[in-house]
Amino acid sequence: MNSRWIAKRLLKWAIEYGSCFSGLAALYRKTQYYEGSFRILTYHKITDSPKTSHDVETKHFVEHLRILSGEFNVLGLAELINQSVMGKRPDPLSVAITFDDGYAELSGCVAETLQKFKLDATFFVVTGYIDGSIKSDKGPYLTWDDLRMLNKAGFSIGSHSVSHASMSDLASDRLDFELCHSSGRIYDELGREPCGFSYPYGTMRDFSAATRDAVIRAGYPWAVTAIHGVNPLAFDRYSLKRINMTCGDGPQTFRLIMKGCLDAWSIIDHIGYRFQRRGYKARPINSVHSGRSPK
Numbered sequence: 038m039n040s041r042w043i044a045k046r047l048l049k050w051a052i053e054y055g056s057c058f059s060g061l062a063a064l065y066r067k068t069q070y071y072e073g074s075f076r077i078l079t080y081h082k083i084t085d086s087p088k089t090s091h092d093v094e095t096k097h098f099v100e101h102l103r104i105l106s107g108e109f110n111v112l113g114l115a116e117l118i119n120q121s122v123m124g125k126r127p128d129p130l131s132v133a134i135t136f137d138d139g140y141a142e143l144s145g146c147v148a149e150t151l152q153k154f155k156l157d158a159t160f161f162v163v164t165g166y167i168d169g170s171i172k173s174d175k176g177p178y179l180t181w182d183d184l185r186m187l188n189k190a191g192f193s194i195g196s197h198s199v200s201h202a203s204m205s206d207l208a209s210d211r212l213d214f215e216l217c218h219s220s221g222r223i224y225d226e227l228g229r230e231p232c233g234f235s236y237p238y239g240t241m242r243d244f245s246a247a248t249r250d251a252v253i254r255a256g257y258p259w260a261v262t263a264i265h266g267v268n269p270l271a272f273d274r275y276s277l278k279r280i281n282m283t284c285g286d287g288p289q290t291f292r293l294i295m296k297g298c299l300d301a302w303s304i305i306d307h308i309g310y311r312f313q314r315r316g317y318k319a320r321p322i323n324s325v326h327s328g329r330s331p332k
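Last residue of the sequence shown? That's 332 in the working numbering, and every number before it is there in order.
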């Protein structure tokens, strides 16, 4: 792990334990904002040997699900959003589980563990990685057969674009391609529309009002970001906040996160986004598989 991750990790622990032992988190949990909001958790790679800050150790992931299944109201993300859009106040301690990028283990140990605890989840996939039109050394990734199996098992599949490029860098035609072609590929292979969209990288530097409009134009019912925070009843469906699970988030840290002890990190996000590194720019598409016409 690099020094940047270590500094960020130490700051997160300071906020978590500071909020807990100062009593601020306990006061926060009594507010209507806390009680009326729902959480969306983000995972990336689940592995026995974490190598990056986004890798969550398998044993920690199992403990996270054990805690969620026993103490929280876990719903599918689309269901949770739809209930809230209809004006229904989310049940206390409501949470949805999501995975970005579409790593291969999602169809193996991850799906098996979710099913063991009877928990729903949403998987956002980069269709270029699956088709082989975009190369990445971070894989291996899911195959379309894997996704058909996950879909049949009841998990939701969403789009994470074609090439995982930072969307704020894209010209309008490439932006529409990333949104519509990925949606078309998912429909062609799975026989259903993607449930929603996840902005690649998802920081405030990686999408914009124009991006949001393009997502709506492409027909997606909602979109999630990587901006830290919870979602109150009057949320924006196309700028949903999430809480990223990272390397080192063991069961004790996870409990603090779920009790709102890290919610103050949203302030860091709003102040520090100008210093965040923008996601990778668009790369050329080596080949494309025919999909439906853009919506």
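Every residue, glycine too, gets a C-beta built ideally from N, C-alpha and C. Because the structure is a prediction, the values reported are computed rather than measured.
Let's test the definition: count the other Cβ atoms within 10 Å of the Cβ of residue i and tell me whether it reaches 16, buried, or not, exposed.
{"i": "Asn268", "result": "buried"}
{"i": "Asn281", "result": "buried"}
{"i": "Tyr238", "result": "buried"}
{"i": "Gln216", "result": "Sequence check: residue 216 is Leu here, not Gln. The residue is buried, with at least 16 neighbouring Cβ atoms inside 10 Å."}
{"i": "Leu293", "result": "buried"}
{"i": "Arg222", "result": "buried"}
{"i": "Tyr80", "result": "buried"}
{"i": "Lys49", "result": "buried"}
{"i": "Arg41", "result": "exposed"}
{"i": "Pro127", "result": "buried"}
{"i": "Tyr70", "result": "exposed"}
Between residue i and residue j, what straight-line distance do the alpha-carbon atoms span, to the nearest angstrom?
{"i": "Ser209", "j": "Ser303", "result": "30 Å"}
{"i": "Ile83", "j": "Lys172", "result": "20 Å"}
{"i": "Gly256", "j": "Gly55", "result": "43 Å"}
{"i": "Ser74", "j": "Leu277", "result": "12 Å"}
{"i": "Leu112", "j": "Ala158", "result": "8 Å"}
{"i": "Ser170", "j": "Ser235", "result": "19 Å"}
{"i": "Ala63", "j": "Gly297", "result": "9 Å"}
{"i": "Lys67", "j": "Leu47", "result": "27 Å"}
{"i": "Val252", "j": "Tyr275", "result": "8 Å"}
{"i": "Phe98", "j": "Asp92", "result": "10 Å"}
Which two residues bound the contiguous beta strand (DSSP E) that contains residue i?
{"i": "Arg279", "result": "277 to 281"}
{"i": "Ala263", "result": "260 to 265"}
{"i": "Ala133", "result": "131 to 138"}
Give the range of the alpha helix (DSSP H) segment to which residue i is assigned.
{"i": "Ser121", "result": "114 to 122"}
{"i": "Phe291", "result": "288 to 295"}
Kindly confirm or deny that the segment 139 to 151 and the segment 114 to 122 touch, where touching means at least three C-beta pairs closer than 8 Å.
-> no
Complete runs of the alpha helix (DSSP H) confined to the segment 49 to 108 [at least 4 residues] = 61 to 65, 69 to 72, 95 to 108
Beta strand (DSSP E) runs contained entirely in the segment 176 to 257, provided each spans 3 or more residues | 193 to 196
Evaluate contact between the segment 246 to 260 and the segment 56 to 64, counting only Cβ atoms and requiring at least three cross-stretch pairs below 8 Å.
-> no
Enumerate, from N- to C-terminal direction, the unbroken alpha helix (DSSP H) stretches of 4 or more residues contained entirely within the segment 143 to 177.
-> 146 to 153, 164 to 168
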